[in-house]
Amino acid sequence: MKIHSTAQATVSPKIYKFVDSKGIIHLTDKPKNSRYKLILQGGIKVPSFLARIPTQRKFKYKTLIQEVATSIGLEPALLRAVIQIESAYNPKAVSPKGAVGLMQLMPGTAKRFGVKKRTDASANVYGGARYLRHLLKLFDNNIELTLAAYNAGENAVKRYNNQIPPYRETKNYVNKVMKLYRAYQASM
Numbered sequence: 001m002k003i004h005s006t007a008q009a010t011v012s013p014k015i016y017k018f019v020d021s022k023g024i025i026h027l028t029d030k031p032k033n034s035r036y037k038l039i040l041q042g043g044i045k046v047p048s049f050l051a052r053i054p055t056q057r058k059f060k061y062k063t064l065i066q067e068v069a070t071s072i073g074l075e076p077a078l079l080r081a082v083i084q085i086e087s088a089y090n091p092k093a094v095s096p097k098g099a100v101g102l103m104q105l106m107p108g109t110a111k112r113f114g115v116k117k118r119t120d121a122s123a124n125v126y127g128g129a130r131y132l133r134h135l136l137k138l139f140d141n142n143i144e145l146t147l148a149a150y151n152a153g154e155n156a157v158k159r160y161n162n163q164i165p166p167y168r169e170t171k172n173y174v175n176k177v178m179k180l181y182r183a184y185q186a187s188m
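Heads up: the sequence shown begins at 1 in UniProt numbering, then just goes up one per residue.
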């Protein structure tokens, strides 16, 4: 029996942030020292679309995502949010434009980041994570610009003077991923 809920849960997190000397962003609800600064306090609503993906599919890749995030230097919450919006955790997802897999890699992006088989879940997530890391460096760890570039292409973001391009699809994409990202951060 599957139970699907469209309710929203409210959580009251305190999220702390620290950027290390390598530019890696560390977020936690339990700061280890005074270098961590409070960046979020109070309730946030967990989007109802979190509940639309069957639990077994959402958590099937949790270990892979954690391993990739650790090895690449990304937050698991960011990877999880991107995967959910890109493919709804479907490793066989194919977009009308030809993007494939969990992280919806286009052929050129896959080749650029060493992915030979885009339908291989592990290779796809590693390639997508390397691309996200590249974009974070390119856009000075600005997550919203990184997401805009992941969706519309890095040249589109550059063309609009390092701003989110005025494309409805890209603006919606950034908003959805950011909501999920915050929800995943609060739940980890």
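Backbone N, C-alpha and C fix where the C-beta goes; we use that ideal spot for every residue, glycine too.
When the Cα atoms are used, what is the spatial distance from residue i to residue j?
i, j, result
"Ala-129", "Asn-155", "19 Å"
"Gln-104", "Glu-75", "19 Å"
"Ala-99", "Ala-93", "8 Å"
"Leu-147", "Ser-21", "23 Å"
"Arg-168", "Asn-151", "11 Å"
"Arg-35", "Pro-96", "45 Å"
"Thr-119", "Lys-60", "16 Å"
"Asn-141", "Val-157", "14 Å"
"Pro-165", "Met-178", "16 Å"
"Arg-133", "Lys-30", "24 Å"
"Ala-81", "Asn-33", "27 Å"
"Tyr-89", "Asn-161", "33 Å"
"Gly-101", "Arg-159", "28 Å"
"Lys-171", "Gly-153", "13 Å"
"Leu-135", "Ser-187", "25 Å"
"Leu-145", "Ala-110", "20 Å"
"Met-106", "Lys-117", "11 Å"
"Gly-114", "Gln-163", "28 Å"
"Lys-176", "Leu-138", "22 Å"
"Gly-108", "Leu-180", "27 Å"
Out of the options, which one is the CA nearest neighbour of residue i?
i, options, result
"Ile-143", "Leu-78, Ala-88, Asp-29 and Ala-123", "Leu-78"
"Tyr-173", "Ser-87, Gly-127, Gly-101 and Ile-24", "Ser-87"
"Val-125", "Asn-33, Asp-29, Ile-24 and Leu-64", "Leu-64"
"Lys-17", "Lys-30, Ile-24, Val-68 and Lys-37", "Lys-37"
"Pro-91", "Ala-121, Gln-66 and Lys-137", "Ala-121"
"Ala-69", "Tyr-131, Ala-183 and Leu-180", "Tyr-131"
"Arg-182", "Ile-24, Thr-28 and Val-19", "Thr-28"
"Val-19", "Lys-62, Gly-73, Gln-66 and Glu-67", "Gly-73"
"Tyr-184", "Phe-139, Gln-84, Glu-67 and Gln-163", "Gln-84"
"Ala-123", "Glu-67, Ile-24 and Leu-180", "Glu-67"
"Ser-71", "Arg-112, Gly-108 and Gly-127", "Gly-127"
From the DSSP output, read off the bridge partner residues of residue i.
i, result
"Lys-179", "Looking at the DSSP assignment, Lys-179 forms no beta bridge with any residue, so it has no partner."
"Lys-37", "Lys-17"
In the UniProt domain "Transglycosylase SLT" (64 to 163), which residue ranges form an unbroken alpha helix (DSSP H) of at least 4 residues, counting only runs that do not cross its ends?
76 to 87, 107 to 112, 121 to 138, 143 to 152 and 154 to 159
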